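Under the UniProt record's numbering, the sequence shown has 140 at position 140, and the numbering climbs by one with no breaks. Cβ coordinates follow ideal geometry from the N, Cα and C atoms, glycine included. For clarity, every value in this text was computed on a predicted model and none was experimentally measured. Right, one structure below, let's go through it.
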Amino acid sequence: MDKFLVINGPNLNLLGSREPDIYGKYSLLEIEDLTNKRLENAGHKVDVEWFQSNGEKEIIEKIQAASNASYKAVIINPAAFSHTSIAILDALRVLSCPVVEVHLSNTNQREEFRSNKITAKSSTAVIEGLKEKGYFLAILSQLI
Ligand code: DQA
């Protein structure tokens, strides 16, 4: 069975109550459930591991551990670290599997500082602005 790792960065544990007009109404747990159901309904049997941390160190350690595991792809929403973290960019560079970066909001339509996505420089693809659907589409993109 294909294995995927989905990494979520800081403040994404607050989804559902955090600025729902920007990020959508679903909690991270609900997004996990929805994504798994949508994949199943689309006929895909996959093993998806979900990880969230507010800490840069923990995210880097998870990415480093992923390079020794056999994931078909790593999906990452680095959240605010996307705009600041060269350390996460460097960690992602070590991965040999595809990396799909997801943002719930369309960062290009927001504050100027969100347009600069440092981590996207090491991503195979970026999906943004589709709220929770981005996670499903990121995984699906690696199955078709
Ligand atoms: C985000 C966009 C980032 O700019 C922001 O800091 C986040 C969430 C998104 O999913 O739209 O925390 O990554």
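Exercise. I7 and I86: beta carbons closer than 7 Å?
Worked result: Looking up residue 7 in the sequence shown gives position 7. Looking up residue 86 in the sequence shown gives position 86. Contact: no.
For this session: Just tell me which of M1, A65, E56 and Y26 has its CA closest to the CA of H44.
Result: In the sequence shown, the residue the question calls residue 44 occupies position 44. Nearest of M1, A65, E56 and Y26 to H44, Cα basis: M1.
Exercise. So G55 and H103 are in contact, right, with Cβ under 8 Å, and what is the actual spacing, rounded?
Worked result: As a first step, residue 55 is located in the sequence shown; it is residue number 55 there, counting from the start. As a first step, residue 103 is located in the sequence shown; it is residue number 103 there, counting from the start. That belief does not hold up - the Cβ atoms of G55 and H103 are roughly 19 Å apart, past 8 Å.
Problem set entry | Cα-Cα separation between residue 160 and N108, rounded to whole angstroms | Since the first residue of the chain shown is 1 and the last is 144, residue 160 is not available in this structure.
For this session: List the DSSP bridge partners of E101.
Result: The residue labelled residue 101 in the question sits at position 101 within the sequence shown. Answer is I76 and V126.
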